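Colleague: For what it's worth, my numbering labels the leading residue of the sequence shown as 73, then goes sequentially.
Got a structure for you, questions after.
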Amino acid sequence: TLQYYSTIDQLKKIREEIESYINNSEDFNQSTGVAVRIEKFSDSSIDLLVRCFTNSNSWSNSLEVKERLAIEIKQIVEKNKASFAFPSQSIYVEKK
Numbered sequence: 073t074l075q076y077y078s079t080i081d082q083l084k085k086i087r088e089e090i091e092s093y094i095n096n097s098e099d100f101n102q103s104t105g106v107a108v109r110i111e112k113f114s115d116s117s118i119d120l121l122v123r124c125f126t127n128s129n130s131w132s133n134s135l136e137v138k139e140r141l142a143i144e145i146k147q148i149v150e151k152n153k154a155s156f157a158f159p160s161q162s163i164y165v166e167k168k
């Protein structure tokens, strides 16, 4: 989930770089279909969908692959000067 402050260019670049990482990694099975898409606008965030499958049958190795992907996603988001969202609310106070 990314902050609403993210620009369209940032969103596109982040999506493309995540997809490229998965498609160029030997950790993932590209033949099963890779999907990285801007999925929806939530209350506090712009949500990305990342769908991919590992090449490993080992649970332990799959966890390592998942961790590497999470770290790579964080690096891509930071490199593109975007931030992850967290639940928040805005309060507006009117002067009377």
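We put the beta carbon where it would ideally sit given N, CA and C, even for glycine.
Everything numeric in this text was worked out from a predicted model, so none of it was measured.
Note the first and the last residue of the continuous beta strand (DSSP E) segment covering residue 111.
Modeller: Looking at the DSSP string, the run of the beta strand (DSSP E) that includes residue 111 is 107 to 113.
Colleague: Output yes or no for whether 8 Å exceeds the beta carbon distance between residue 157 and residue 73.
Modeller: yes
Colleague: Spatial neighbours of residue 102 within its chain, please: C-beta separation below 6 Å, excluding the five flanking residues on both sides.
Modeller: 95
Colleague: Suppose you measure from the CA of residue 108 to the CA of residue 92; what does that come to, to the nearest Å?
Modeller: 10 Å
Colleague: Is residue 100 near residue 127, with beta carbons less than 8 Å apart?
Modeller: yes
Colleague: Do you know how far the Cα of residue 168 is from the Cα of residue 87?
Modeller: 45 Å
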